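*Asks:* Numbering (the working numbering), first residue to last: 1 to 267. Structure below; questions to follow.
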């Protein structure tokens, strides 16, 4: 987006930043439904200092705000996958690291102790992302159904438009749906990837995830990061069941991935 520092601190409207508007959304949610949903921010080593400084403004805010750091790794050579010598800096782990880093921070355990069961994950700069109670009820109904088929991961998707052609899309690989990023596509197939008639689904990166499932997979070392040879970071792969729900088109930026047996539901 061409912004220096955390995108959440970028002014959007009437001197409000993405962070301001997100906190206002959560305040409204908590007040309307008499609940206590917290805001959890994943920072990197590049955004941590600025974010912590900005959060001082919210010391008396009714919304509980937590932060944790994503991982970083030494830069590696594309051909050998060995660290560059001499060391040439750090590569941030990408959005897919949210699961492991959340558990490592101790917040996943804390939220479990507080009785929380489901994580809603979205990008700070996606103001269209909101806690949709229809989706939440769908998850809870599946958990309490006679079949006992709990949905551990749900991805909100939308129709892909020409404005979204560089964003992630879903493909079927070995009988499973998986997110495909443009950074994974060979240059000679880029035009094909950007075709909205060939790839019709766009991942909004609004994700609903079972907290219990995340903790179990991280504890079992079953969360594996796939390295993408680009500046885009990494993609996470989780082999478990999930669902995708179609939502109306909107502007959403950036995405990282979970793969598994996904079922497309009408919304």
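Glycine is no exception: its CB is placed at the ideal position from the N, C-alpha and C atoms. No experiment lies behind these values; they were computed from the predicted model shown.
(1) Rounded to whole angstroms, what is the Cα-Cα separation between residue 216 and residue 67?
(2) Pick helix, strand or coil for residue 126, following the three-state DSSP scheme.
(3) Rounded to the nearest angstrom, what separates residue 71 and residue 89 at their Cα positions?
(4) Rounded to whole angstroms, what is the Cα-Cα separation between residue 52 and residue 62?
(5) Rounded to a whole number of angstroms, what is the C-alpha to C-alpha distance between residue 76 and residue 14?
(6) Looking at the C-beta of residue 9, does it have a partner C-beta in chain C at a distance below 8 Å?
(7) How is residue 59 classed by DSSP in three states: helix, strand or coil?
(8) By the three-class DSSP mapping on this structure, what secondary structure does residue 100 have?
(9) Name the residue from 112, 80, 123 whose alpha carbon lies nearest to the alpha carbon of residue 41.
(10) Hey, could you find the ends of the alpha helix (DSSP H) residue 23 is sitting in?
(11) So for residue 40, helix, strand or coil by DSSP?
(12) Candidates 224, 120, 218: which alpha carbon is nearest residue 204's?
(13) Write down every uninterrupted run of the alpha helix (DSSP H) in the region 175 to 205 whose length is 4 residues or greater and which is fully enclosed by it, in chain order.
(14) Residue 111: which of 38, 44, 85 sits nearest, CA to CA?
(15) Just the C-alpha distance for residue 161 and residue 200, rounded to the nearest angstrom, thanks.
(16) Sort 211, 134, 107 by Cα distance to residue 156 and report the nearest one.
(17) Roughly how many angstroms separate the alpha carbons of residue 198 and residue 60, rounded to a whole number?
(18) According to DSSP, simplified to helix, strand and coil, what is residue 46?
(19) Output yes or no for whether 8 Å exceeds the beta carbon distance between residue 18 and residue 8.
*Replies:* So, to answer that:
(1) By 1-based counting over the chain shown, the position of residue 216 is 216. By 1-based counting over the chain shown, the position of residue 67 is 67. Those two C-alpha atoms are separated by around 21 Å.
(2) Against the chain shown, residue 126 aligns to sequence position 126. Coil, per DSSP.
(3) Stepping through the chain shown from its first residue, residue 71 is reached at position 71. Stepping through the chain shown from its first residue, residue 89 is reached at position 89. Whole-angstrom Cα-Cα distance: 13 Å.
(4) Here residue 52 is taken as the residue at index 52 of the chain shown, counted from 1. Here residue 62 is taken as the residue at index 62 of the chain shown, counted from 1. Note on geometry: alpha-carbon atoms of residue 52 and residue 62 lie some 17 Å from one another.
(5) In the chain shown, residue 76 corresponds to position 76, counting from 1. In the chain shown, residue 14 corresponds to position 14, counting from 1. One C-alpha to the other measures close to 43 Å.
(6) The structure shown has no chain C; it contains just one protein chain.
(7) Position 59 of the chain shown, counted from the first residue, corresponds to residue 59. When secondary structure is reduced to three states using DSSP, residue 59 falls in the coil class, being assigned neither helix nor strand.
(8) Translated into positions along the chain shown, residue 100 becomes position 100. If DSSP states are grouped into helix, strand and coil, residue 100 belongs with the helices.
(9) Residue numbering aside, residue 41 sits at position 41 when the chain shown is read from its first letter. It is 123 whose Cα lies nearest to the Cα of residue 41.
(10) Taking the chain shown and counting its residues from 1, one reaches residue 23 at position 23. First-last of the alpha helix (DSSP H) with residue 23: 18 to 33.
(11) Mapped onto the chain shown, residue 40 falls at position 40. Residue state, collapsed to three classes: strand.
(12) Here residue 204 corresponds to residue number 204 of the chain shown, with the count starting at 1. Of the candidates 224, 120, 218, the one whose C-alpha sits nearest the C-alpha of residue 204 is 120.
(13) For the region 175 to 205, whole alpha helix (DSSP H) runs of length 4 or above, ordered along the chain, are 190 to 193.
(14) Locating residue 111 in the chain shown gives position 111, counting from the first residue. Nearest C-alpha to residue 111: 38.
(15) Locating residue 161 in the chain shown gives position 161, counting from the first residue. Locating residue 200 in the chain shown gives position 200, counting from the first residue. The alpha-carbon atoms of residue 161 and residue 200 are separated by roughly 8 Å.
(16) As a working mapping, residue 156 is identified with position 156 in the chain shown. Comparing Cα-Cα distances from residue 156 to each of 211, 134, 107, the minimum goes to 134.
(17) In the chain shown, the residue the question calls residue 198 occupies position 198. In the chain shown, the residue the question calls residue 60 occupies position 60. Approximately 50 Å, taken between the alpha carbons.
(18) For the purposes of this step, residue 46 is taken as residue 46 along the chain shown, with counting starting at 1. Shown here, residue 46 sits in coil according to DSSP, grouped into three states, outside any helix or strand.
(19) Working through the chain shown from its first residue, we reach residue 18 at position 18. Working through the chain shown from its first residue, we reach residue 8 at position 8. In this structure, residue 18 places its C-beta atom within 8 Å of the C-beta atom of residue 8.
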